[in-house]
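Below you'll find the structure, written out as C-alpha coordinates, and then a few comments.
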Amino acid sequence: MPWLAYPMAALFAVLALAALPFWRGSLPLPPALRALTPPDMPWGAADALAAVAPQPVFSDMQWASYLEWRLPADRNLFIDTRFELFPPEQWEQYGTISGGLAPSLLNELGVDAVLAHHDRQGPLIAWLRQQPDWRPLLEDHYSSAWVRQP
(Lines of atoms letter the chains of each structure in order from A; the text may use other names.)
(Lines give C-alpha, C1' and ligand atoms only; values in the text may rest on other atoms or scores of the structure.)
Protein backbone atom coordinates (compact mmCIF):
# COMPACT_ATOMS: atom_id res chain seq x y z
CA MET A 3 0.00 0.00 0.00
CA PRO A 4 2.70 2.54 -0.88
CA TRP A 5 0.07 4.68 -2.62
CA LEU A 6 -1.49 5.39 0.82
CA ALA A 7 1.75 6.81 2.24
CA TYR A 8 1.55 10.16 0.41
CA PRO A 9 -2.04 11.02 1.39
CA MET A 10 -1.32 10.02 4.99
CA ALA A 11 1.83 12.17 5.06
CA ALA A 12 -0.16 15.10 3.66
CA LEU A 13 -2.86 14.64 6.29
CA PHE A 14 -0.29 14.59 9.09
CA ALA A 15 1.39 17.70 7.67
CA VAL A 16 -1.93 19.57 7.60
CA LEU A 17 -2.69 18.51 11.19
CA ALA A 18 0.78 19.56 12.34
CA LEU A 19 0.38 22.99 10.71
CA ALA A 20 -3.09 23.43 12.22
CA ALA A 21 -1.62 22.77 15.68
CA LEU A 22 0.87 25.66 15.49
CA PRO A 23 0.24 28.43 18.04
CA PHE A 24 -0.36 31.26 15.56
CA TRP A 25 -3.42 29.44 14.16
CA ARG A 26 -5.03 28.88 17.54
CA GLY A 27 -6.99 32.14 17.52
CA SER A 28 -8.71 31.25 14.26
CA LEU A 29 -9.63 27.67 15.12
CA PRO A 30 -13.32 26.87 15.75
CA LEU A 31 -12.85 26.71 19.53
CA PRO A 32 -14.74 28.44 22.34
CA PRO A 33 -13.23 31.89 23.04
CA ALA A 34 -11.65 30.80 26.33
CA LEU A 35 -9.66 28.09 24.51
CA ARG A 36 -8.36 30.28 21.68
CA ALA A 37 -5.74 32.02 23.82
CA LEU A 38 -2.25 30.59 24.12
CA THR A 39 -2.47 30.71 27.90
CA PRO A 40 -5.43 30.20 30.22
CA PRO A 41 -7.20 33.35 31.43
CA ASP A 42 -6.33 32.63 35.06
CA MET A 43 -2.55 32.67 34.56
CA PRO A 44 -1.02 34.58 37.53
CA TRP A 45 1.27 36.92 35.58
CA GLY A 46 1.36 39.76 38.11
CA ALA A 47 1.49 37.56 41.19
CA ALA A 48 4.43 35.60 39.80
CA ASP A 49 6.25 38.85 39.04
CA ALA A 50 5.60 40.06 42.59
CA LEU A 51 6.88 36.80 44.09
CA ALA A 52 9.98 36.92 41.90
CA ALA A 53 10.74 40.41 43.21
CA VAL A 54 10.58 39.57 46.93
CA ALA A 55 12.53 36.28 46.77
CA PRO A 56 10.63 34.06 49.24
CA GLN A 57 11.04 30.31 49.37
CA PRO A 58 9.66 27.77 49.51
CA VAL A 59 6.50 28.78 47.64
CA PHE A 60 3.24 26.91 48.13
CA SER A 61 1.19 27.34 44.97
CA ASP A 62 -1.81 26.00 43.16
CA MET A 63 -0.52 22.90 41.41
CA GLN A 64 -1.84 24.01 38.02
CA TRP A 65 0.46 27.04 38.18
CA ALA A 66 3.55 25.21 39.42
CA SER A 67 5.13 24.61 36.01
CA TYR A 68 4.73 28.27 35.09
CA LEU A 69 6.28 29.31 38.41
CA GLU A 70 9.22 26.97 37.87
CA TRP A 71 9.87 28.80 34.63
CA ARG A 72 9.10 32.32 35.93
CA LEU A 73 10.80 32.34 39.34
CA PRO A 74 14.60 32.40 39.67
CA ALA A 75 16.22 28.97 39.57
CA ASP A 76 17.15 29.00 43.24
CA ARG A 77 13.50 29.09 44.38
CA ASN A 78 11.80 25.89 45.25
CA LEU A 79 8.15 25.07 45.18
CA PHE A 80 6.38 23.02 47.80
CA ILE A 81 5.03 20.73 45.09
CA ASP A 82 4.64 20.67 41.33
CA THR A 83 2.96 18.50 38.73
CA ARG A 84 5.67 15.83 38.66
CA PHE A 85 3.88 13.45 41.01
CA GLU A 86 6.65 10.87 40.94
CA LEU A 87 9.11 13.24 42.66
CA PHE A 88 7.09 13.79 45.83
CA PRO A 89 6.12 11.29 48.53
CA PRO A 90 2.42 10.51 49.10
CA GLU A 91 2.55 12.33 52.44
CA GLN A 92 3.47 15.58 50.68
CA TRP A 93 0.56 15.18 48.24
CA GLU A 94 -1.74 14.67 51.23
CA GLN A 95 -0.35 17.82 52.84
CA TYR A 96 -0.94 19.72 49.60
CA GLY A 97 -4.59 18.65 49.52
CA THR A 98 -5.09 19.36 53.20
CA ILE A 99 -3.59 22.84 52.99
CA SER A 100 -5.34 23.72 49.71
CA GLY A 101 -8.70 22.64 51.08
CA GLY A 102 -8.28 24.79 54.17
CA LEU A 103 -8.43 21.77 56.46
CA ALA A 104 -5.07 22.42 58.15
CA PRO A 105 -3.45 25.49 56.62
CA SER A 106 -1.34 25.87 59.77
CA LEU A 107 0.84 23.15 58.21
CA LEU A 108 2.38 26.00 56.21
CA ASN A 109 4.03 27.18 59.42
CA GLU A 110 5.26 23.70 60.36
CA LEU A 111 6.68 23.14 56.87
CA GLY A 112 8.48 26.51 56.77
CA VAL A 113 6.64 27.86 53.74
CA ASP A 114 7.34 31.57 53.24
CA ALA A 115 5.04 32.38 50.32
CA VAL A 116 1.68 31.26 48.96
CA LEU A 117 0.18 31.75 45.52
CA ALA A 118 -3.41 30.56 45.77
CA HIS A 119 -6.26 30.34 43.27
CA HIS A 120 -9.41 32.09 44.52
CA ASP A 121 -11.78 29.34 43.38
CA ARG A 122 -9.70 26.24 44.03
CA GLN A 123 -8.09 27.38 47.30
CA GLY A 124 -10.60 29.82 48.78
CA PRO A 125 -10.48 28.38 52.33
CA LEU A 126 -6.69 28.73 52.37
CA ILE A 127 -6.97 32.40 51.36
CA ALA A 128 -9.60 32.99 54.06
CA TRP A 129 -7.21 31.51 56.64
CA LEU A 130 -4.29 33.65 55.41
CA ARG A 131 -6.42 36.80 55.78
CA GLN A 132 -6.81 36.04 59.50
CA GLN A 133 -3.11 35.49 60.19
CA PRO A 134 -1.09 38.42 61.55
CA ASP A 135 2.21 37.02 60.25
CA TRP A 136 1.04 36.79 56.62
CA ARG A 137 0.55 39.80 54.38
CA PRO A 138 -1.01 40.00 50.93
CA LEU A 139 1.50 40.79 48.23
CA LEU A 140 -0.86 41.01 45.28
CA GLU A 141 -4.43 39.97 44.55
CA ASP A 142 -6.24 39.90 41.24
CA HIS A 143 -9.39 38.31 39.89
CA TYR A 144 -7.98 34.74 40.02
CA SER A 145 -4.95 34.69 42.30
CA SER A 146 -3.77 35.81 45.67
CA ALA A 147 -0.07 36.02 46.56
CA TRP A 148 0.97 36.10 50.21
CA VAL A 149 4.32 36.31 52.00
CA ARG A 150 5.24 35.63 55.58
CA GLN A 151 6.21 38.73 57.54
CA PRO A 152 9.76 38.56 58.95
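Under my numbering, think of the first position of the sequence shown as 3, with each following residue one higher. Every residue, glycine too, gets a C-beta built ideally from N, C-alpha and C.
**Item:** Exposure of L22, with buried meaning 16 or more beta-carbon neighbours within 10 Å
**Value:** Its Cβ having fewer than 16 others within 10 Å, L22 is exposed.
**Item:** Residue nearest to R131 in terms of C-alpha spacing, selected from L29, G97, V149, A20
**Value:** Cα-wise, what sits closest to R131 is V149.
**Request:** Express the C-alpha separation of R77 and A147 in angstroms, rounding to a whole number.
**Result:** Distance between the alpha carbons of A147 and R77: 15 Å.
**Where the beta strand (DSSP E) through F60 begins and ends** = Annotation for F60: the continuous beta strand (DSSP E) segment containing it runs 59-61.
**Asked** Considering S67, what are the terminal residues of the alpha helix (DSSP H) in which it resides?
**Response** Per DSSP, S67 belongs to the alpha helix (DSSP H) from 66-72.
**Message:** I'd like the span of the alpha helix (DSSP H) that includes R131, first residue to last.
**Reply:** Element bounds for R131: 124-131.
**Prompt:** Which of helix, strand or coil does DSSP assign to V116?
**Reply:** Assigned with DSSP and collapsed to three states, V116 falls in strand.
**Asked** Can you find a heavy atom of the ligand ADP that lies under 7 Å from the Cβ of L79?
**Response** Ligands displayed in this structure: none; no statement on the ligand ADP is therefore possible.
**Message:** Can you check which of these residues, S106, L17, A52, L139, is closest to A75 by C-alpha distance?
**Reply:** The residue with the shortest Cα to Cα distance from A75 is A52.
**Message:** Quick check on the burial criterion: 16 or more other C-beta atoms within 10 angstroms. Buried or exposed for H143?
**Reply:** Answer is exposed; the Cβ neighbour count stays below 16.
**Request:** On a CA-only basis, which of R72, S67, A55, H119 is nearest A113? Give me that one, please.
**Result:** Residue 113 is actually Val in this sequence, not Ala. Nearest option by C-alpha distance: A55.
**Asked** V116: buried (16+ other C-beta within 10 angstroms of its C-beta) or exposed?
**Response** Buried: at least 16 other Cβ atoms inside 10 Å.
**Request:** Kindly indicate which residue of W71, L29, I81 has the alpha-carbon position closest to the one of D62.
**Result:** Taking the Cα of D62 as reference, the smallest distance to any Cα among W71, L29, I81 is reached at I81.
**Prompt:** Quick one: what's got a C-beta closer than 8 Å to F153's C-beta in the same chain, skipping five residues either side?
**Reply:** Because residue 153 is not part of the residues shown, which for the chain are 3 to 152, the question remains open.
**Asked** Who are the near neighbours of L140 in its chain, counting only those whose CB is closer than 6 Å to its CB and skipping five residues on each side?
**Response** Same-chain partners within the cutoff: G46, A47, A50, A147.
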